[in-house]
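Scroll down for the structure; my scribbles are underneath it.
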Amino acid sequence: MIEVFISYSHMDRAFKTRLEVGLSQLERQGQIKSWTDGQIIPGQEWAAEISGALERAHIVVFLVSPDFLASDYCIEKELEAAIRRHDVDTTIVIPIVIRPCDWQTTFLGNLQALPDQAIPVSRWDDADDAWLSVIEGMKKVLSDRQERLKIEAQSSLPVVAQEIAKPFKKWLTESEVELAHRNKDVVSLQDIFVYQDLRLLDIESDEIALTVSASEPSVTRGWALIFGDEQTGKTSLAKMMFLRLVNDGQTPLLITGEDVKGTDIEKIAKSGLRQQYDNFDFANYRAMNGKSLIIDDYEKTRLNRKHQITFIEVAKRFFDCIVIIADTSFQYIVPDIPSLDGFAHYELMLFGNVKRYELTKKWVELGVENEIKEDQLYQGIDALKRHADTLVRNNIVPSKPIYLLTILQTFESYSPLGVELTSYGHCYQYLIYRALEKTRISHNEIEVYINFLTELAGYAFVKKVLAVDKGGLEEFAREYNARYISIDKDIVVRNLVLAGILFNSTEGLRFKYKYIYYFYAAKYLSENLYRSDDIRPKIQELIAELHREDSANIIIFITHHSKDAWIIDELQLAMMELFDGHGEATLTSDDLHFMKEFIDEIPKLILEQRDVESERRKDNLLKDEAENTEREIEKKSSELEPTALLAQINKAFKGMEIIGQILRNRHGSLPRNTLVALTEQAYDVGLRFLQFFLSASSTAKDEIVDNIKHHLLENPNIDNESLEKEARNLFLLMTYGVIFGVIRKIGFSVGTKELDEVYVSIEGQKETPAVSLINQTIQLQFMKNLDITTIGNLYSRLKDNPACGRVLKEIVIQYVYMHHVGYKEKQQLTAAIGLPINTQLHLERHSALKG
Numbered sequence: 018m019i020e021v022f023i024s025y026s027h028m029d030r031a032f033k034t035r036l037e038v039g040l041s042q043l044e045r046q047g048q049i050k051s052w053t054d055g056q057i058i059p060g061q062e063w064a065a066e067i068s069g070a071l072e073r074a075h076i077v078v079f080l081v082s083p084d085f086l087a088s089d090y091c092i093e094k095e096l097e098a099a100i101r102r103h104d105v106d107t108t109i110v111i112p113i114v115i116r117p118c119d120w121q122t123t124f125l126g127n128l129q130a131l132p133d134q135a136i137p138v139s140r141w142d143d144a145d146d147a148w149l150s151v152i153e154g155m156k157k158v159l160s161d162r163q164e165r166l167k168i169e170a171q172s173s174l175p176v177v178a179q180e181i182a183k184p185f186k187k188w189l190t191e192s193e194v195e196l197a198h199r200n201k202d203v204v205s206l207q208d209i210f211v212y213q214d215l216r217l218l219d220i221e222s223d224e225i226a227l228t229v230s231a232s233e234p235s236v237t238r239g240w241a242l243i244f245g246d247e248q249t250g251k252t253s254l255a256k257m258m259f260l261r262l263v264n265d266g267q268t269p270l271l272i273t274g275e276d277v278k279g280t281d282i283e284k285i286a287k288s289g290l291r292q293q294y295d296n297f298d299f300a301n302y303r304a305m306n307g308k309s310l311i312i313d314d315y316e317k318t319r320l321n322r323k324h325q326i327t328f329i330e331v332a333k334r335f336f337d338c339i340v341i342i343a344d345t346s347f348q349y350i351v352p353d354i355p356s357l358d359g360f361a362h363y364e365l366m367l368f369g370n371v372k373r374y375e376l377t378k379k380w381v382e383l384g385v386e387n388e389i390k391e392d393q394l395y396q397g398i399d400a401l402k403r404h405a406d407t408l409v410r411n412n413i414v415p416s417k418p419i420y421l422l423t424i425l426q427t428f429e430s431y432s433p434l435g436v437e438l439t440s441y442g443h444c445y446q447y448l449i450y451r452a453l454e455k456t457r458i459s460h461n462e463i464e465v466y467i468n469f470l471t472e473l474a475g476y477a478f479v480k481k482v483l484a485v486d487k488g489g490l491e492e493f494a495r496e497y498n499a500r501y502i503s504i505d506k507d508i509v510v511r512n513l514v515l516a517g518i519l520f521n522s523t524e525g526l527r528f529k530y531k532y533i534y535y536f537y538a539a540k541y542l543s544e545n546l547y548r549s550d551d552i553r554p555k556i557q558e559l560i561a562e563l564h565r566e567d568s569a570n571i572i573i574f575i576t577h578h579s580k581d582a583w584i585i586d587e588l589q590l591a592m593m594e595l596f597d598g599h600g601e602a603t604l605t606s607d608d609l610h611f612m613k614e615f616i617d618e619i620p621k622l623i624l625e626q627r628d629v630e631s632e633r634r635k636d637n638l639l640k641d642e643a644e645n646t647e648r649e650i651e652k653k654s655s656e657l658e659p660t661a662l663l664a665q666i667n668k669a670f671k672g673m674e675i676i677g678q679i680l681r682n683r684h685g686s687l688p689r690n691t692l693v694a695l696t697e698q699a700y701d702v703g704l705r706f707l708q709f710f711l712s713a714s715s716t717a718k719d720e721i722v723d724n725i726k727h728h729l730l731e732n733p734n735i736d737n738e739s740l741e742k743e744a745r746n747l748f749l750l751m752t753y754g755v756i757f758g759v760i761r762k763i764g765f766s767v768g769t770k771e772l773d774e775v776y777v778s779i780e781g782q783k784e785t786p787a788v789s790l791i792n793q794t795i796q797l798q799f800m801k802n803l804d805i806t807t808i809g810n811l812y813s814r815l816k817d818n819p820a821c822g823r824v825l826k827e828i829v830i831q832y833v834y835m836h837h838v839g840y841k842e843k844q845q846l847t848a849a850i851g852l853p854i855n856t857q858l859h860l861e862r863h864s865a866l867k868g
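Position in the sequence shown counted from 1, then plus 17, gives you the working numbering.
Here you go:
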């Protein structure tokens with residue numbers, strides 16, 4: 018089915034409605050599925066919904082008018098996004114001119130517009146004739162697009178590659194790392210491969226232009242350069258591109274930069290093709306159309322610049338399509354090779370939430386695709402992905418496929434018996450051991466290398482440097498050899514560099530990845546906690562600066578190494594001091610009475626029929642956006658003094674996350690009263706911040722509303738009465754959003770399925786709406802327990818508290834949309850919390866952001 022995105026100014030709603038009427042027959046016939054922002058319901062993130070719909074759209078229609086051209090959002094967000102997709106042939110853009118305006122001077126002026134002769138709809142004598150012209154024009158575009166999709170679908174049908182040579186075919190199925198899975202003896206590349214996303218780079222401006230999937234046919238249809246760091250899956254991508262082209266009926270050639278030893282392209286092609294195909298006829302191949310060349314690790318070619326220029330030129334004449342995959346550093350050499358002009362430039366991206374979800378899903382389904390029940394599938398995905406998300410958060414462990422697969426494998430097989438480290442600590446250690454294995458260091462020497470890394474990280478931490486320069490390294494080596502059995506520093510450092518654990522930068526010797534430094538700096542501090550009087554003050558200093566990324570992460574890693582009660586006590590004391598001038602928000606009806614009218618006025622929540630996988634994808638897209646925002650906030654926060662408000666807020670949230678990690682990792686070894694105290698402290702600090710926010714926003718309400726009104730004044734079509742009401746509602750919507758966000762943040766920070774009795778205990782002591790909503794979040798997200806009776810009882814308690822009642826409904830809706838819940842259970846929810854079911858209803862979105 019063709020997906021059609023309709024962009025318009027809200028001043029042109031009547032024209033949008035008339036277009037939808039014209040398209041309704043095509044919708045009923047199942048030819049198209051149209052989308053407008055009117056399909057966004059309250060509570061959804063409208064920016065993410067629009068972005069997701071644009072990403073899915075095969076056709077984007079713009080209703081062009083003076084108001085459309087004057088809308089910043091229509092032009093700067095929707096039009097620019099559509100243009101980028103149009104430029105790489107993933108989306109067709111259709112301008113429909115509805116009112117006279119100067120549209121020809123924009124990008125749209127380059128396109129064929131509708132209706133006939135681009136005469137504005139409003140200028141036609143008969144509007145029905147105008148819209149008939151529009152629909153007929155769109156039908157022609159639809160017919161062409163459907164034919165293209167049909168061809169692509171046919172070409173994607175699997176074709177048995179009988180001509181591929183068996184040794185090469187075996188190599189194509191091998192993953193970059195040996196994996197063990199409980200449901201499959203041999204895990205092939207195809208079992209677990211997920212296509213990476215690519216950033217299309219504008220080399221001249223060095224700006225990111227567009228993100229596309231590496232599976233897009235457009236990537237392999239012309240000339241493409243793909244850059245990626247080590248272990249980002251470049252070779253796996255090359256293999257999968259080769260196989261996809263074979264399945265499309267083509268005969269691609271896959272070589273490496275090391276194979277490019279000269280400029281005789283036919284000699285290189287003959288050699289490669291004979292290894293990759295049985296009974297190959299080169300004369301026939303030479304006469305073929307659509308010949309494709311894939312070069313992996315191109316940076317490894319030994320050709321000099323002059324001969325690289327020649328090689329690329331002759332390759333372009335011999336092959337119709339060329340994909341060159343190279344290390345990120347090669348992009349700085351590209352400008353010196355003019356024959357690469359005209360190549361599209363892409364950058365391999367690390368795995369965000371969407372890709373991590375796809376990979377985890379493949380792992381959980383592996384070997385049981387036809388048997389696994391949906392509830393088991395989603396429970397398995399959510400549990401494993403939550404572990405992976407924690408470990409790669411803020412790129413501490415790079416979110417590369419090879420690391421993620423190792424994490425998934427480790428957590429599936431992890432056994433805590435006899436292991437002092439937490440499960441997360443064990444996983445970090447396993448990643449490091451895997452790196453050490455590269456250099457074939459004997460098991461007898463492993464302890465020496467681990468100790469060397471621990472002491473080196475400690476030296477860097479104490480000296481407050483990230484890189485140890487030559488003089489510092491000599492000093493460190495002398496101190497190390499004076500304290501321990503002497504080692505050959507140069508040999509140890511060389512092996513650690515070869516293992517990818519250390520690297521030499523211009524400033525000196527550094528740990529290659531953050532997690533390795535954090536792991537060993539924390540190990541050093543844990544081991545010396547009672548050996549040196551200097552260590553405790555340093556840990557206290559780290560806790561005082563939890564708003565800083567490095568401080569927070571070292572503390573997290575210390576909790577993986579140490580069970581010492583003193584560290585937990587210090588963390589609790591630090592949390593107690595945050596927002597200590599405020600009590601915990603209870604969110605009673607008296608506290609939130611000012612929101613009652615607002616909640617009554619906004620559209621009621623309705624339980625719609627949603628596709629679970631689509632909802633999960635949208636949720637992961639939102640998480641990616643949220644993490645990007647969070648990184649920006651953390652960057653700003655790290656530069657602030659610990660007493661600054663933003664630093665205090667970030668410190669509170671970091672503290673909750675650290676407490677959550679302690680609860681998940683130490684729930685089996687910490688005393689029950691300690692678990693209760695830690696959990697309660699996390700609840701309290703989050704709710705104190707919420708009370709601080711509610712008090713501050715109440716005090717500054719008039720100032721905030723005036724500021725909102727100032728921004729709304731940019732819309733000349735809003736009257737004074739509407740302006741006042743809209744500003745007030747936006748203020749209340751912001752307040753509601755913070756309440757909902759903090760409740761979810763606390764629940765997601767400290768939730769784990771093993772501590773149900775702890776949460777029940779806290780609610781027994783603090784039976785407030787706020788605590789009950791936190792616990793309900795944990796019940797649904799971690800226990801996967803849709804207890805309709807409990808939910809109904811809570812809703813009854815909140816009957817005079819419409820704001821909290823709506824929060825409860827949203828918590829429930831988010832769970833239902835992302836899990837397979839039966840219709841009978843949905844009916845029971847309707848009765849329990851007044852949540853009606855409607856599979857078709859679309860609520861018109863009221864927004865002043867457009868038109």
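Note that CB positions come from ideal geometry on N, CA and C, so glycine has one too.
Every value quoted in this text rests on a predicted model; they were computed, and no experiment measured them.
Below 7 Å between beta carbons: does that hold for glycine 307 and glutamine 267?
yes
What do you get for asparagine 512, buried or exposed, if any count of 16 or more other CB atoms within 10 angstroms of its CB means buried?
In this structure asparagine 512 is buried. Its beta-carbon is surrounded by 16 or more other beta-carbon atoms within 10 angstroms.
For serine 309 and phenylalanine 368, which I take to be in contact (beta-carbon distance under 8 Å), what is that distance rounded to the nearest angstrom?
The Cβ separation is near 26 Å, so there is no contact.
Let me confirm a value: tryptophan 583 is counted as buried when at least 16 other C-beta atoms fall within 10 Å, else exposed. Which label applies?
exposed
Measuring CB atoms only, is the stretch 511 to 531 touching the stretch 446 to 462, in the sense that at least three cross pairs come out at less than 8 Å?
yes
How is asparagine 802 classed by DSSP in three states: helix, strand or coil?
coil
Is the Cβ-Cβ distance between isoleucine 763 and glutamine 793 less than 7 Å?
no
Under DSSP, the alpha helix (DSSP H) around aspartate 701 begins and ends at which residues?
689 to 716
As a quick exercise: from Ile676, Val351, Tyr537, His75, pick the residue whose alpha carbon is nearest that of aspartate 161.
His75
Under 7 Å Cβ to Cβ from arginine 465, same chain only, skipping five residues before and after it: list those, please.
Note that residue 465 is valine in the sequence shown here, rather than arginine. Contacts found: Ile504.
On the three-pair Cβ rule with 8 Å, is the stretch 809 to 816 touching the stretch 569 to 586?
no
Examine the ligand SAH and report whether any of its heavy atoms sits within less than 6 Å of the Cβ of tyrosine 700.
The ligand SAH is not among the ligands present in this structure, which contains no ligands whatsoever.
Identify which residue in Lys621, His599, Lys635 has its Cα closest to the Cα of alanine 713.
His599
Can you give me the Cβ contacts of valine 158 inside the same chain, cut-off strictly under 7 Å, excluding the 5 residues immediately before and after it?
By the criterion of a C-beta distance shorter than 7 Å, valine 158 is surrounded in its chain by Ile76, Ile109, Ile111, once the five residues flanking it on both sides are discounted.
Among Val351, Leu357, Ala182, which has the Cα closest to the Cα of asparagine 296?
Ala182
Using three-state DSSP, classify alanine 98 as helix, strand or coil.
helix
On the three-state DSSP scale, how would you describe cysteine 118?
Coil at cysteine 118, not helix or strand.
Kindly indicate which three-state DSSP category serine 235 falls into: helix, strand or coil?
The answer is helix: DSSP assigns serine 235 an H, G or I state.
Counting along the chain, where does the beta strand (DSSP E) carrying aspartate 406 start and finish?
Careful: aspartate 406 lies outside any beta strand (DSSP E), inside the alpha helix (DSSP H) at 391 to 409.
Using the three-state DSSP reduction, which class does glycine 245 fall into: helix, strand or coil?
strand
Tell me which residue opens and which closes the beta strand (DSSP E) that phenylalanine 124 is part of.
Per DSSP, phenylalanine 124 belongs to no beta strand (DSSP E) and is neither H nor E.
Taking the C-alpha atoms as reference points, what is the distance between glutamate 524 and aspartate 567?
Computed Cα separation, rounded: 19 Å.
According to DSSP, is arginine 565 part of a helix, a strand, or is it coil?
Coil at arginine 565, not helix or strand.
Apart from the five residues on each side of it in sequence, which residues of its chain come closer than 6 Å, Cβ to Cβ, to phenylalanine 706?
Taken in chain order, the residues that qualify are Phe596, Ala669.
When you compare the CB positions of alanine 65 and tryptophan 52, do they come within less than 7 Å of one another, or not?
The answer is no: Cβ separation not under 7 Å.
At which residue ranges does the stretch 254 to 324 contain complete alpha helix (DSSP H) runs of 4 or more residues, listed in the order of the chain?
Whole alpha helix (DSSP H) segments, 4+ residues: 282 to 293, 299 to 304.
By DSSP, does tyrosine 547 sit in helix, in strand, or in coil?
coil
Have a look at tyrosine 420 and glutamate 720 and give me their C-alpha separation to the nearest angstrom.
Distance between the alpha carbons of tyrosine 420 and glutamate 720: 49 Å.
What's the call for asparagine 461, buried or exposed, on a 16-neighbour Cβ count within 10 Å?
exposed
What do you get for serine 9, buried or exposed, if any count of 16 or more other CB atoms within 10 angstroms of its CB means buried?
With the chain running from 18 to 868 in the structure shown, residue 9 is simply not present.
Give the C-beta separation of isoleucine 805 and glutamate 842 to the nearest angstrom, bearing in mind that I take them to be a contact with Cβ-Cβ under 8 Å.
7 Å
Determine the direct distance from the alpha carbon of leucine 260 to that of serine 172, and round the result to whole angstroms.
Caution applies to serine 172, whose pLDDT of 41 falls short of 50 and renders its modelled position unreliable; the model cannot decide the point.
Please give the ranges of any alpha helix (DSSP H) in the stretch 615 to 650, keeping only runs that are unbroken, at least 4 residues long and fully inside the region.
Restricting attention to alpha helix (DSSP H) runs no shorter than 4 residues, the stretch 615 to 650 encloses none.
Assess, as a yes-or-no matter, whether the stretch 338 to 345 is touched by the stretch 247 to 257 under the definition of 3 or more beta carbon pairs within less than 8 Å.
yes
Along the beta strand (DSSP E) that carries phenylalanine 336, what are the first and last residues, could you check?
From DSSP, phenylalanine 336 is part of no beta strand (DSSP E); its letter is neither H nor E.
Assuming histidine 362 is part of the beta strand (DSSP E), what are its boundary residues?
Unbroken beta strand (DSSP E) run through histidine 362: 361 to 365.
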